[in-house]
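K.L.:
Its first residue numbered 50, the sequence shown is counted upward by one per residue in the numbering used here.
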Amino acid sequence: MSMNDGLRLIDPLAYSEKGYPHEEWTQLRRDAPVHYFEPPGWPAYWAITKHADIIEVSKQPDVFLNGPGMTITRSEGETEEERATREQIKTIINMDPPEHRKYRAVATPFFTPRAIGQVEPLVNETARKLVDGLGREGECDFITEIASIHPLKVIARLLGVPEADEPFILKLTNELFGAEDPEFQRSPDRMEGIRKLFMDFWGYFGEIIADRRARPTDDLASLFANAKIDGEPMGELETLGYFLIAFTAGHETTRGSIGGGMHALIENPDQLRWWKENPELTPVAIDEIVRYVTPVNHMMRTAARDYTLNGQTIREGQHLVLFYASANRDEEVFPDGEVLRLDRKPNPHLGFGIGEHFCLGAHLARKTSGTIFRELTSRLEFVELAGRPLRTASNLVPGLKHLPIRYRLTEGA
Ligand code: HEM
């Protein structure tokens, strides 16, 4: 790696072509754990690669802000209008204290372990039906037929979206997250595509919001549509932001853990055997999958003031990119971090972030991924790759978009 441009760590195409840059991160953790890069065509940024440094940053949300931007995006060629389109919708992930806490509190009750426990039958049913639908043996694209569909169905059911609209939602979320990936771009003009995408999103969920205001039910859409902040109805952009984040943050990421997890199990058959023999340890195994795969690769912060981190002076206004995937292999915390060890405990990984913005959907993600793996591992007699796995071109959620497999299952219970 050229240590002076840092492009490999943030270039979406490099992720699809070569995967996560673990070699470069290992070198940075050893030689320059807080390192300033000035990549051509991108904003300059500090690469934060150590577990302890990411925690120090994440736990000071007044000093390291999400408001100015939550991810690193290309600065080249973006007009004011294009940036305004991208930043139109406000989500809690873009907010800072004290505003952030008020808005996060709207959804917290729906995502507690207890509340998520209540949706277990729904999640189990979706998992069983999907695996049954595969048939006893054959070949499939595990991403498009299982990893992508299961989380989408779960979140769509929780939100109260009609089943018939699921394919439309799937296309929308693929396009939102894969904005850099040619397979998911709807128009050769990147920004034109993004603008149309937001209008579709707006049109579709705007109608659902109006409906739930008129006829509230107990679904998540009704909770968002009728939420109050300081006793006043939540603003339109913030309401829409909640729909956006439930679908995007909830779907593509869980797809990443299920898809990446299956790939890891194919590469580590001893771990697949272990899982079959220890189904009750699924919650432990899922956290190891999230650590090993790290579906959300990075989040960005912007310094509100000068700050010295691990010996380096970060100046007010400078960006910090927190590479969770690097922290999750930090040799000081995980001496054998490159190894998939499903019984790893304790497992203080940062796959769900930490601090103020800790993943709101972590329990749901664990439940959704856990049920499909439990269903699969109990029934898989045989599985192998049937083609080359392909990754999405993204520096944020660079998960697999295709994973061709050949399999044989036992009869369902
Ligand atoms: C394996 C799956 C998932 C992974 C790896 C993941 C990862 C993350 C990470 C790393 C953050 C922290 C962002 C930061 O610190 O700036 C985050 C935040 C968030 N996640 Fe997840 N997530 C997953 C699934 C979900 C699901 C299923 C939902 C909801 C349906 C969800 C909703 C959110 C929300 C709302 C936030 C923002 C929280 C805030 O700003 O207070 N996530 N997630």
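The C-beta atom is built at its ideal place from N, Cα and C for all residues, glycine as well.
Every value quoted in this text rests on a predicted model; they were computed, and no experiment measured them.
Is there contact here, the segment 285-301 with the segment 405-421, by at least three beta-carbon pairs under 8 angstroms?
P.N.:
Output reads yes: the segment 405-421 touches the segment 285-301.
K.L.:
Closer than 6 angstroms by C-beta to Arg455: which residues in its own chain qualify, once you throw out the five before and the five after it? Chain order, please.
P.N.:
Closer than 6 angstroms at Cβ, skipping near neighbours: Glu188, Glu433 and Ala435.
K.L.:
Let me check you understand the geometry: is the CB of Glu302 closer than 6 angstroms to at least one non-hydrogen atom of the ligand HEM?
P.N.:
The question names Glu, yet the displayed sequence has Thr at residue 302. Correct: Thr302 has its Cβ closer than 6 angstroms to the ligand HEM.
K.L.:
Whole angstroms is fine: what's the gap from Ala298's alpha carbon to Leu183's?
P.N.:
Ala298 and Leu183: Cα-Cα distance of roughly 27 angstroms.
K.L.:
Among Arg457, Tyr356, Leu389 and Pro395, which residue has its Cα nearest to the Cα of Glu105?
P.N.:
Checked all of Arg457, Tyr356, Leu389 and Pro395; the closest Cα to Glu105 is Tyr356.
K.L.:
Please name the residue in Leu429, Gly116 and His100 whose C-alpha comes closest to that of Leu458.
P.N.:
Ranking the options by Cα distance to Leu458, first place goes to Leu429.
K.L.:
I need the DSSP call for Ala96, collapsed to helix, strand or coil.
P.N.:
Residue state, collapsed to three classes: strand.
K.L.:
Given the structure, does Val345 come close to the ligand HEM, in the sense that its CB is under 6 angstroms from one of the ligand's heavy atoms?
P.N.:
Checking every heavy atom of the ligand HEM against the Cβ of Val345, one is found closer than 6 angstroms.
K.L.:
First and last residue of the alpha helix (DSSP H) that includes Ile315?
P.N.:
Per DSSP, Ile315 belongs to the alpha helix (DSSP H) from Thr302 to Glu316.
K.L.:
Given a threshold of 16 other Cβ atoms within 10 Å of its Cβ, counted over all protein chains shown, does Val388 qualify as buried or as exposed?
P.N.:
With fewer than 16 Cβ atoms within 10 Å of its Cβ, Val388 is classed as exposed.
K.L.:
Under the three-state reduction of DSSP, which class applies to Phe250: helix, strand or coil?
P.N.:
In this structure, Phe250 counts as helix in the three-state DSSP scheme.
K.L.:
Taking Cβ positions, are Leu289 and Phe247 nearer each other than 7 angstroms?
P.N.:
Cβ distance not < 7 angstroms, so Leu289 and Phe247 don't count as in contact.
K.L.:
Any heavy atom of the ligand HEM closer than 6 angstroms to the beta-carbon of Ala414?
P.N.:
Yes, Cβ of Ala414 sits closer than 6 angstroms to a heavy atom of the ligand HEM.
K.L.:
So is the beta-carbon of Met311 under 6 angstroms away from any non-hydrogen atom of the ligand HEM?
P.N.:
Every heavy atom of the ligand HEM is 6 angstroms or more from the Cβ of Met311, so no.
K.L.:
Assuming contact is defined by CB atoms lying nearer than 7 angstroms, are Glu418 and Thr343 in contact in what I supplied?
P.N.:
Note that residue 418 corresponds to Ser in the displayed sequence, not to Glu. Contact flag unset, no.
K.L.:
If you draw a straight line from the C-alpha of Asn275 to the C-alpha of Ile141, how long is it?
P.N.:
Cα-Cα distance, rounded: 17 angstroms.
K.L.:
Looking at the unbroken beta strand (DSSP E) that takes in Arg350, where does it start and where does it end?
P.N.:
Arg350 -> beta strand (DSSP E) spans His347 to Ala352.
K.L.:
In terms of DSSP beta bridges, what is Val83 paired with?
P.N.:
DSSP, once it has assigned bridges, lists Ile97 as partnering Val83.
K.L.:
Leaving aside the five residues before and after Leu62 along the sequence, list all residues of the same chain whose C-beta is less than 7 angstroms from its C-beta, in chain order.
P.N.:
Counting only Cβ-Cβ distances below 7 angstroms, and skipping sequence neighbours, we find Ala442.
K.L.:
So the candidates are Leu369, Asn444, Ser375 and Ile335; which of them puts its Cα closest to the Cα of Leu391?
P.N.:
Cα-wise, what sits closest to Leu391 is Ile335.
K.L.:
Are there 16 or more other CB atoms within 10 angstroms of the CB of His71, so buried, or fewer, so exposed?
P.N.:
Answer is exposed; the Cβ neighbour count stays below 16.
K.L.:
Grab me the residues of Asp111's own chain with a C-beta within less than 8 angstroms of its C-beta, minus the 5 sequence neighbours each way, in chain order.
P.N.:
Around Asp111: Asp145, Pro146 and Ala353.
K.L.:
Given this structure, state the Cα-to-Cα distance separating His368 from Glu460, to the nearest angstrom.
P.N.:
If I take the Cα positions, the gap works out to 53 angstroms.
K.L.:
So, is Asn359 buried or exposed, given that buried needs 16 or more other C-beta atoms within 10 angstroms?
P.N.:
Classification for Asn359: exposed.
K.L.:
So, at 7 angstroms on beta carbons, what are the nonlocal neighbours of Asn115 in its own chain, with the 5 sequence-adjacent residues on each side left out?
P.N.:
Around Asn115: Ile142, Asn143, Met144, Asp145, Arg350 and His406.
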